[in-house]
Amino acid sequence: MAAMRKKSENETVKENDSSVLFGIFEEDLIQTRNNKKQLGIVTRAYYQDDESDDSFEDEDEEEKLEKGKVEIGWYSMNSKWNDKDTEVVNESTVELVDRAVMPGHIVRWSNKSNGIQKATVKNVQVYVDLQIVGTNQIVKNINAENLLPLSEYRESNAIVKGPWLGNIQEVHYTLTLVLKNKARCIISGEDIADLVDITDQRDEDSTFYCPDFYPGQQVQGAPRAFKEAKYISGVKPILGNQRSVKAIVEKVEVSSVDVEWHVSGYSGDLDESIVQPSNILSYQDLQSADVSQLKHFKEAHLQVGDKAFYVLTEENVKFLKPTKVPANTSVVTKRTGAGAAAAACETTQTDDEDTDEGADIEAMEEDSDYGSETPSALNSTSQPKSNSLGSTPSNGSGRRGGSRSRKKRYSHLQKKRKSRYRPFVNIEAGNKICVEVCRTRTVANVEWQDGTFTSNVASTDLFPSENLDELEFFPGDYVIDKRVDAEAQEVTKYGVVQTADFTGRICNVRWLYYTNDPTAVTVEEKIEEDVSVYDITYHPDFSFRPGDIVVRLSPTDKFAIYQGAKDESGNANRLSSVGQVIQVNSDGRVDVVWIDKRRSSIIPSELYSINQDDWDGSEHDYDDDGEFDDDVIMGDLDEFPEDDDGEWETSSETSDTGAELRNQLSPLEDVIQRSLNALIPNTATDVVVGAPEETTQLPIETSNETPLSEDHVIGMNRRTVEFMNALDRHFFAPVNQQAQNEQISAPQRQSIDDEPTDMSPDEATKSCFQTLEQADQSHQFYSTTCLPINPRKYNAAIMKDMRLMRSHLPPGIIVKSFQDRIDLLSILITGPVGTPYEDGLFVFDLQYPDNYPIDPPNVHYHAFCTDRLNPNLYQEGKVCVSLLGTWTGKGNETWTSKSTVHQLLLSIQGLILNAEPYFNEAGYEKQRGTVEGKENSRVYNEMALIKMIESLRNMIQRPPKVFQDEIRQHFQEKLPRFIQRMEHWLSMEGASSSTNSDNNPQFPLLPISKGFRVTVRREMEKLKNMKGSTT
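Its first residue numbered 1, the sequence shown is counted upward by one per residue in the UniProt record's numbering.
Listed below in structure tokens is the structure:
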């Protein structure tokens, strides 16, 4: 392990070493490679930085990171002022010191020689080095579990009151302060925001800023805060024109907490579960026994720069220097409330000269009128220099050097310096002192996918797995079986993964059953082995990771766990409603530690897991009493409009005055007629596409030149062709073939040119673009009418599209338009050669919007398989591509008024349906070329092929009516080749990507996993049995 650790610590140097995974991640603790060994926290890393994604473009965004760069927040134990600005440096200039891993995180070995499988972090142990605040002394290697928080309540923390779970929005404090003249006052409310820590003046935007107050802390603030304060002892000072007033914090109390409540669990008390608590918890409420916070795994959140309380031990004191109270020290005694042990809060006056403070800060102290004590002499040595954070020796003797005038200037400033308060820290065993974490060391216990455990693994030996595919399983994951029809089963079946084979893509699963009662679960003793990951999927409701917050839904464990348990009064204890997950057992039960520290094993149907990410940024309206506004809540839940009249127009809302004229004109001819009307002043009228309307026919002068013939567009008579040719002559110049080809990017041209075809160009053109008389009602946008905002531009742009598609559609794309609905298109795209989608078919419906071509068309994808077979094609029909505005693009990737549907179709065929669709996912392009990226891309292609088989089978059974003939013909020609190709790949057991063969896949697929072969063989048998359906 020591040798492995040494190698891991040097992993950043060996970026080219294929045996070591290289990378620096956010929240990593690093240090410089030079002799200074400056510590810092990674605030941004390239692979995790959304701003570095080329898909985004915003001039206001912060600077994007380049590959190989990281942004560091530098840490200094002696920092009294603002940190250095965060700095962007090369990864190669820093080395990893500690890595922040949390329970539930997915990791792998950073050294691949230890294995490539992944693991779940079950628990962590954090050891810290602590600097005693106010001194330069450090206590080393302390278990973080021994630290106490400065404040019991922190913003965003989970809080529980009775059965209710919420998170803290804001904490309100009351401070008791001791001024220099021994007066004691209480400050609360907004005045506290004016107080700043003197010895730690990091900016609130600093990586290491600590907003908490603690007894013994030195603060200063504007005089107005002290004028409004409540004085409880001593004489209220006369506050003149001072720029600031200094004081010592004697006592910190939480006066109230603002809470947003999220959910109520079962506790046995129905009334309590229904009635939501107030959103403002007072000091008295917080003292109640039913208010508490979830603190399990709390130490895992510590990082460098955090402050806490620590109780010194005898062992600590042996290695620390004892401190003595200087002769000129003024002592202030701090006393807490009744019944609490009194503690001393001592301060010292020193002559420390701190050149970092500057003239402005000294000016704040110059005119102080309320202090009665005499400043120390300038060269006094009454206080050791080591007690000053970041101080430098006084240079009153003039050793500073430089010109005479400069020396005189500094001498002038030194005469104005006054003594500074310093907290005296009593180094004795048993004393609770304030400390700052100055170094961390994290070790983890992990469970690997094969079910084995490794304890006390250094976090630097682990590599975070940021991007898991949808079929990566771990012990304890709940799954459902896709091989059975759940709706046809009387018994509900789900499983819990026992082990997973990362390379083989198979799992061992224990199945569980229940009938009507989900709490009456039957556990199958026998474990099913070698279940393909492609035959299972994550359970939609059961997902539990270590550290997850859960609430109880039912009381079935009441007697098993709490039978006979009673409180101090002899009353039966109520059930705890909120807890945190420890682990999922092999029998499918979840180990939970409840808010009252008791533990139990619960079946998953009795628990509800809370997604804390949903808490961020949520806003709710409260009334003056701190209660939810019921109208707002009910509005969020129930007041969804059944129909938005302003969103779409429907056919029922349009006028029927011209219904009887529908058959008097050819619908397509009618639209073109109206387009020509727009050319003649004072004759253009609004056009509702998809709805009947009265129109006035105008005589059209035909041309002797007829670039179009009736054969070019099916269903168009000669007069209609002449109309279209007239539009072409008016709006468009001849399209240069070479210029058009230059507009197509290289990847698009390659995917088009590689597609084999036996048709001549003329034959291909005829078959690629067709026009039918009527649109089928199955079209996704058939019932959606369109009212063009500018009919002239609208119709001209559509005619331009049609002209371009009639002459330039590549093989593999078929477009059908409709005479009665010029705003609609149906599209059939064949998967390009050399991709997982080869010989597959993809059906889209398109509608031109009312502001076309300003706005992009609306496109719907018809999915014939469960889940997604491509990151850009969603099962519900969404097509995610920058040209449609469904993904942020830049430059020529965004839709403009000059964009065309032809350009869109080329993007779908050449850019979406590509050889490595995994990298289409937002942000995944950064993984290209990495070890993890290559493996993820390969297994994604396995999934895409399986989904392709499912899609082909369903399309054969239920072909879309508009493309029924084309689909039947396609499968008659291509299905035998597809089956033959798949069977050959299945026979290549043991082959790798380096195997030379002309029949190798032209995209990343080898080596083929065992799970892939199991699923594909079964699915191929189903597909073979359907071959007869294509004839």
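For every residue, glycine included, the Cβ atom is placed at its ideal position computed from N, Cα and C. Please read all numbers here as calculations on a predicted model, not as lab measurements.
In DSSP terms, what residue i is bridged to
i    : result
D258 : E170 and I280
W164 : K161 and S264
I602 : V590
H862 : V843
N143 : Y127
K493 : Y513
Y852 : DSSP, once it has assigned bridges, lists no residue as partnering Y852.
Y478 : V496
N111 : V20
W74  : G40
A444 : V124 and V457
K230 : I186
C434 : F309
D775 : Checking the sequence, you will find Ala at residue 775 rather than Asp. A775 pairs with nothing; no bridge assigned.
Nearest residue (CA-CA) to residue i, options the options
i            : options                   : result
L1005        : L804, I433 and P836       : P836
V88          : V124, R44, G305 and S576  : R44
T503         : V484, F473, D517 and E525 : F473
Q777         : G73, N920, L905 and V962  : V962
S1009        : N941, S543, G216 and E490 : N941
S899         : I798, T440 and E983       : I798
L165         : N585, Q242 and H262       : H262
Y874         : N143, Y852 and F844       : F844
Y153         : V257, V178 and P163       : V257
residue 1033 : T537, W594, D461 and Q117 : In this structure the chain extends from 1 to 1031, so residue 1033 is not present and cannot be described.
residue 1043 : Y127, S992, S951 and E260 : Any answer about residue 1043 is impossible in this case: the structure gives the chain only from 1 up to 1031.
G68          : S110, I24 and T32         : I24
N858         : C786, G929 and V259       : C786
Cβ shell of residue i (< 7 Å), same chain only, five flanking positions each side left out
i    : result
L841 : L828, T830, M955, I967 and H970
Y75  : L39, G40, I41, F208, V304 and G305
P149 : A308
F213 : Y173, L175, V249 and V252
W511 : K493, G495, E524 and E528
S605 : P518 and T519
V101 : V107, V121, V124, T442, A444, S459 and L462
Own chain, CB closer than 6 Å to residue i, minus 5 neighbours either side, in chain order
i    : result
E314 : A429
F453 : E447
A863 : Q875
S292 : V160 and I595
G104 : R545, P546 and G547
Buried or exposed (CB count within 10 angstroms, at least 16 for buried), residue i
i     : result
P211  : exposed
G401  : Residue confidence for G401 is low, a pLDDT of 36 falling below 50, so the modelled location carries little weight and cannot support an answer.
R719  : With a pLDDT of only 46 at R719, under the threshold of 50, the placement of this residue in the model should not be trusted; the figure read from the coordinates follows. Per the 10 Å Cβ criterion, exposed.
R958  : exposed
H296  : buried
Y848  : buried
R821  : buried
Q1002 : exposed
R312  : Note that residue 312 corresponds to Leu in the displayed sequence, not to Arg. L312 is buried by the Cβ-count criterion.
S264  : buried
F319  : exposed
T323  : buried
K118  : buried
S907  : buried
H984  : exposed
L809  : buried
D548  : buried
N516  : exposed
D530  : exposed
Cβ-based neighbour list, residue i, same chain, cut-off 8 Å, excluding 5 preceding and 5 following
i    : result
R505 : L471, S532, V533, Y534, V939, E942, S1009, K1010, G1011 and F1012
F463 : L21, G23, V107, R108, W109 and S110
Whole-Å CB distance - residue i paired with residue j, under 8 Å assumed
i    : j    : result
E436 : L130 : 7 Å
D481 : K493 : 6 Å
Test: residue i CB closer than 7 Å to a CB of chain C
i    : result
K246 : Given the protein chain composition of this structure (a single chain), no chain C is represented.
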